[in-house]
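Input: a single structure, listed below in structure tokens.
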Amino acid sequence: MGEFSIFHWLVVLAIILIFFGGRRIPEVMKGLGEGIRSFKEGVSGAEKAQTPSATVAAPGGLSAKSASGEVTLNWSAAAGVNTYNVKRSGTSGGPYARIASTSATSYTDEGLAGATTFYYVVSSTVSSTESGNSVEVSATTA
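Per our numbering, the very first residue in the sequence shown carries number 9; after that it's consecutive.
Structure follows, in structure tokens:
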């Protein structure tokens with residue numbers, strides 16, 4: 009007991025032929041092979057996701073210009089970047105809160121309190137990978 013004899017395998021094959029028909033067996037085997045391949049790729053992808061593949065460069069050249077109730081930020085474009093995350097803090101060194109996500113290389117933060125200093129950093133995003141923060145800049149609204 010517990011072992012399959014040739015008779016058992018023939019019964020299993022007969023049941024498969026009855027349910028699927030002889031012409032469907034290649035399709036079933038192809039689907040089984042694709043499922044196994046997809047599973048292996050998924051496992052490999054999970055392992056790759058745990059190890060950092062390529063680093064995303066933070067934007068450079070960040071500058072801030074203040075005006076009445078607003079701060080305009082500008083930075084240099086980074087190659088291959090999809091979006092930039094603009095972050096602001098009321099304290100030098102953070103913590104920073106993301107206030108915008110943009111594909112442009114500039115952003116105007118509007119509706120700010122007057123005579124207040126704000127600290128900004130920008131990070132780059134490629135797919136779902138985010139860079140570290142840029143160099144911090146500050147601006148005091150008028």
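We treat Cβ as the ideally placed atom computed from N, Cα and C, and that holds for glycine. Here the structure is a predicted model, which means the values were calculated and not measured.
- Taking the Cα of residue 101 as reference, the smallest distance to any Cα among 146, 19, 21 is reached at 146.
- If you look at residue 134, you'll find it isn't in any alpha helix (DSSP H); it sits in the beta strand (DSSP E) that goes 125-134.
- Annotation for residue 77: 118, 119, 120, 121, 122, 149, 150 place their beta carbon closer than 8 Å to its own, counting only its chain and skipping 5 residues before and after.
- Buried is the label assigned to residue 93, since at least 16 other Cβ atoms lie within 10 Å of its Cβ.
- Here DSSP, grouped into helix, strand and coil, assigns residue 46 to helix.
- With respect to residue 34, residue 132 sits apart: the two C-beta atoms are not nearer than 7 Å.
- Residue 38 is not bridged by DSSP to any residue.
- Residue 75 counts as exposed, since fewer than 16 other C-beta atoms from the protein chains shown sit within 10 angstroms of its C-beta.
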